[in-house]
Amino acid sequence: MRRHRETRILLAWAVLATVLITAPVAVLLQQSILIDDTFYALSVARHLASGEGSTVDGVHRTNGYQPLWVWILSILTVAGGLSPDGTVRAALIACALITLLCGVRLGGLVRLLGGSRNASFMAIVLWLANPYFLRRQLNGLETVLAAWLLIEAVRASLRCEIGARKSAGGGNGSRPWGAPLAGELRAGLLAGLAALARIDLIIVAPGLALRRRWAAAAAAILVPAPWLVWCWLQFGHPVPLSGAATRTLFGILNDLPDQTLLLWESSNVSLTFASLFGLAWPAQALQRAGLPGALSWIVVPAALAALFGILLSGRGARERIAAGWGAGRPLAWWIVGLALYDAVAYGLLYPAPWHLSRYLLPLHALGVAWIALLYDKTVIPADGEKDAARRWIERHRSRLWWCLWATAMVAATVPYWVDMTGGQPPSLQLEVARWLREDVRSSWRVGMVQSGVVAYYAERPVINLDGKVNPQALRALRERRMGAYLEEEKIDLFGDWNDLVERCVFGRARPFLRQNVRLLEAGVEAPPPPFAFYRTMDE
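Everything in the sequence shown is counted per the working numbering, starting at 61 for the first residue and increasing by one.
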């Protein structure tokens with residue numbers, strides 16, 4: 061009876077936390093938490109729900125999104141018939157619920173690997189009470205969905221391994237040859253769904269093969285295979301072209317040669333490694349407090365290492381370290397493999413610092429479980445040591461649990477008033493959308509470099525010009541013929557932030573383009589500053 065009562069209370073707190081997290085959509089927009097990519101996904105979902113196909117603007121087909129999340133959004137759109145703001149709120153509620161589910165499943169993962177209940181609580185705290193993580197989960201995108209499915213795939217894979225070892229007599233060195241086929245297929249199915257949630261997580265499939273899980277690896281490849289084949293047939297590339305567009309945009313904004321194959325950007329690489337276990341958040345906090353950037357990246361890991369050394373000092377330190385490593389070893393190959401992949405893919409081949417922190421969230425999730433296990437086995441006193449402390453924790457566990465939820469709810473409001481990006485809020489783009497909707501002729505074709513927010517709220521087609529959801533624009537951007545592309549598309553009005561227009565339109569076109577357009581100046585016909593829009597033909 062008591063367990064059912066606690067479950068009901070927990071559910072009520074979870075619902076309340078979800079409402080508090082997701083209610084103020086306008087505040088989320090003001091704080092730059094929802095980015096342009098969120099609205100690309102929402103726009104595709106809206107067109108899918110209305111039967112118009114895979115498109116953002118209703119004109120060009122695209123694969124520039126992560127499929128599983130967009131399919132879920134389209135179902136929410138059909139089920140609710142929601143307004144634009146209602147659809148955004150539904151997406152945020154879904155993100156919040158999956159965030160809570162991730163915390164619970166991370167606690168279960170720690171228990172599966174032999175961690176104590178206290179270590180399970182610690183994993184939940186690390187996940188739910190960290191503003192750096194929460195900010196990247198409550199973004200209306202697939203980020204937290206990919207993290208949850210990866211957690212489930214890891215749990216299923218580890219269950220196969222544990223079952224195989226038990227059937228082989230419990231030897232630590234036994235291989236998982238005897239894992240049941242059903243368990244293998246379940247692990248592969250979850251890994252495949254994780255790849256559909258974030259297509260780069262298909263890297264898990266060869267990892268499963270290296271662990272001699274051939275059935276799981278095959279399932280992990282077969283699940284996303286139809287999507288990959290469709291992308292190849294429709295666009296000539298098996299993965300979303302938004303990644304190639306982002307890489308091209310990075311090169312343009314940083315004045316890099318068009319044919320650069322490997323882009324080594326030092327601050328991006330350092331951010332990759334510092335972000336692997338969530339160290340970017342305290343480092344950024346120190347930078348905002350005035351500490352020099354390079355020094356902040358050194359202080360945080362050094363302070364953590366010193367604290368851990370102090371906690372490990374004393375009798376039996378070597379044995380405790382060995383116990384901690386033994387408990388976390390099943391997670392180590394997942395973490396190391398994904399960390400190496402992320403460092404290469406996001407630090408070298410795909411240098412986009414503005415996306416990096418959310419791409420690393422699935423790895424953060426496994427890191428949280430690993431840290432909780434390590435702490436549990438090395439720092440929390442073993443049986444027979446400091447029994448009074450352990451008894452106190454056991455006696456007050458219920459109070460500690462509710463304190464955890466209260467802390468998580470408070471932490472969940474932090475993204476509303478802490479802005480780490482320092483960029484312009486999307487609320488200005490909402491003003492542009494209103495301007496297009498009310499002051500610009502509906503017969504004009506409009507083009508924007510970053511069209512996500514504006515296209516979603518303008519209630520009219522807005523052609524994307526940076527190529528993230530428009531393969532034709534990406535081709536024109538790479539070939540430096542944006543002027544000809546504007547003419548081909550019969551664009552009447554184009555614009556965006558001043559710098560983006562200069563670099564991505566005028567900078568990728570022949571000089572005479574500037575001579576054949578007219579800047580809309582301040583007045584009734586002009587957009588809100590600091591946006592710049594140009595008329596491509598006279599009335």
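Built from N, CA and C at the ideal position, the CB exists for glycine as well.
With a 10 Å radius around its C-beta and 16 neighbouring C-beta atoms as the bar for buried, classify V130 as buried or exposed.
buried
Using the Cβ count rule (16 or more neighbours within 10 Å means buried), how would you classify R578?
exposed
At the level of alpha carbons, what is the spacing between I497 and A139?
Sequence check: residue 497 is Arg here, not Ile. Roughly 27 Å between the two C-alpha positions.
Ignore the nearest five residues each way along the sequence and tell me which others in H107's own chain have a CB closer than 8 Å to its CB.
G113, S114, T115, V116 and G118
Can you name the start and end residues of the beta strand (DSSP E) that V12 belongs to?
Any answer about residue 12 is impossible in this case: the structure gives the chain only from 61 up to 599.
Taking the continuous beta strand (DSSP E) assigned at G555, which residues delimit it?
L553 to W557
Does the pairing of the stretch 156–167 with the stretch 203–216 give three or more beta-carbon distances under 8 Å?
yes
Could you check how far apart the C-beta atoms of A493 and V513 are, in whole angstroms? I think they sit under 8 Å.
7 Å
Tell me, to the nearest whole angstrom, how far the beta carbon of I211 is from that of L166; I am working on the premise that it is less than 8 Å.
6 Å
Less than 7 Å between C-beta atoms, sequence neighbours within five positions excluded: which residues of the same chain meet that for V428?
L166, A183, L186 and W187
Is it the case that the Cβ atoms of A425 and C162 are separated by a distance below 8 Å?
yes
Whole-angstrom distance between D97 and E581, CA atom to CA atom:
29 Å
When you compare only the Cα positions, how much space is there between A251 and P587?
46 Å
Nearest-angstrom Cα distance between N178 and R171?
10 Å
Near A544, what residues of its chain come up, given a Cβ to Cβ distance below 6 Å and the 5 sequence neighbours on each side ignored?
none
Do L421 and R196 have their C-beta atoms closer together than 8 Å?
Cβ atoms of L421 and R196: closer than 8 Å.
Extent of the continuous alpha helix (DSSP H) run through F572
F572 to Q575
Would you grab the beta carbon distance between L102 and Y419 for me? Rounded to a whole angstrom, and I think it's under 8 Å.
Contact doesn't hold; Cβ gap of about 20 Å is too wide.
In chain order, which continuous runs of the beta strand (DSSP E) of length 3 or greater are located wholly inside the stretch 248–324?
Counting only runs of 3 or more, we get nothing.
Can the beta-carbon of S180 be found less than 8 Å from the beta-carbon of A276?
no
Measuring alpha carbon to alpha carbon, tell me which of L490, W394, A432 and T438 ends up nearest A213.
Out of L490, W394, A432 and T438, W394 has the C-alpha closest to the C-alpha of A213.
Between the beta-carbon of G555 and the beta-carbon of M508, is there less than 8 Å?
yes
Going along the chain, which residues of its own chain have a beta-carbon closer than 6 Å to the beta-carbon of S511, five neighbours each way excluded?
V522 and N524
E244: buried (16+ other C-beta within 10 angstroms of its C-beta) or exposed?
buried
Less than 8 Å between the beta carbons of V283 and A255, yes or no?
Result yes, Cβ atoms of V283 and A255 sit closer than 8 Å.
Buried or exposed: which applies to V396, given that a residue is buried once 16 or more other Cβ atoms fall within 10 Å of its Cβ?
exposed
I'd like to know whether the C-beta atoms of G124 and K437 end up nearer to each other than 8 Å.
no
In whole angstroms, what is the alpha-carbon distance linking T137 and G200?
14 Å
Selected residue, minimal CA-CA separation from I551, among I259, T147, R520 and V506
V506
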